[in-house]
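Quick notes on the structure that follows.
Numbering (the working numbering), first residue to last: 15 to 346.
In structure tokens, the structure reads:
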């Protein structure tokens, strides 16, 4: 079986070769859409990460493709409709780093609550003044968790360890866990209006696009913190900028941005004729990243050694299961 992996690092190749020893494997550090189309014609299984856009154009260059194994939980970078039309299955990694993402979420929270990012910059410039760096305790504050699935529940456990009160909102509610972990399920409007810090852990779907929009931002307490380690498209960037400007939000900790796929390709996009909406999003993102009260990491919440190994293991299992006639973790 011919398998092509894109967006892989050198250290990952040995692990993947060991797990798929009986197959012809090619490894590519770049994105799938950057590959020479003729080199893809014999590929039967394609494995990508989130920056490879698997659209109709790419699928046309893969006539023998049977499976796409994305090494991610999200799969909005894959044209599922076209895949179905071509009888191409899509497998994903439903769970790999609940604790990993939860830990990163609290790194962002603490960076904002204790001004760690500002302190680092100030000290690196030889300025040891504490003026303007007074933070606040997490103990006694209310954390609003939107999306209380695997990651959200780890967030709740950590928050309780800090002595925080926790409100949660999810389409699926587990009363036993709510009692065990001592948190409350509430409507999203109540959560937004009564939380000191809000963190997003929900999937990005057409129905959740701009979930946090201007209307919902208006419900927030003045001085709220927003954390997003889920997907950038959950938040309306224009509304986010306005909330940061007028003080509704005291700060934002972001591991993801709306339109983040454009940032790494910014120069190329400016040279080529791109839709005005994409260029406008680049401008909004650049304004956002330059704000002093925004902490941003480059979609890095998943990026621990342990989590990466789990992603590779699940991906190998997904491929082997498909080849053995017992597919697992297929996108519905």
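Glycine is no exception: its CB is placed at the ideal position from the N, C-alpha and C atoms.
It should be emphasised that the depicted structure is a prediction, and the values quoted were computed from it without experimental measurement.
For residue 103, there is no enclosing alpha helix (DSSP H); the residue is found in the beta strand (DSSP E) stretching over 103-105. Inclusion of residue 258 and residue 302 in the CB contact set at 9 Å is warranted, their separation being smaller than that value. Using a Cβ distance threshold of 9 Å, residue 182 and residue 158 count as a contacting pair. According to DSSP, residue pairing for residue 38 in a beta bridge involves 16. The three-state secondary structure of residue 83, taken from DSSP, is strand. With fewer than 16 neighbouring CB atoms inside 10 Å of its own CB, residue 23 falls in the exposed class.
Under the three-state reduction of DSSP output, residue 262 falls in the coil class, being neither helix nor strand.
Judged by DSSP secondary structure, residue 120 falls within the alpha helix (DSSP H) whose first and last residues are 112-127.
With a beta-carbon spacing of about 5 Å, residue 242 and residue 214 fall inside the 8 Å limit used to define contacts. For residue 310, same chain residues with a beta-carbon under 6 Å away, outside a window of 5 residues either side, are 268 and 303 in chain order. Scanning the stretch 120-181 from its first residue to its last, the whole alpha helix (DSSP H) runs of 4-plus residues come out as 130-138 and 164-175. If you look at residue 297, you'll find it in the alpha helix (DSSP H) that goes 290-303. Within its own chain, the residues whose Cβ lies closer than 6 Å to the Cβ of residue 265, once the five positions on either side in sequence are excluded, are 126, 239 and 307, listed in chain order.
Residue 62 sits away from residue 79, with the two beta carbons spaced by 9 Å or more. Under the 10 Å beta carbon count, residue 105 is surrounded by 16 or more other beta carbons and is classified as buried.
In this structure residue 161 touches residue 244 by the C-beta definition: roughly 7 Å separates them, less than 8 Å. In terms of Cβ geometry, residue 211 and residue 130 do not form a close pair [threshold 9 Å]. From the listed residues 38, 335 and 253, the smallest Cα separation to residue 272 is found for 253. Inter-segment contact for the stretch 34-44 and the stretch 15-22 is present: three or more beta-carbon pairs are separated by less than 8 Å.
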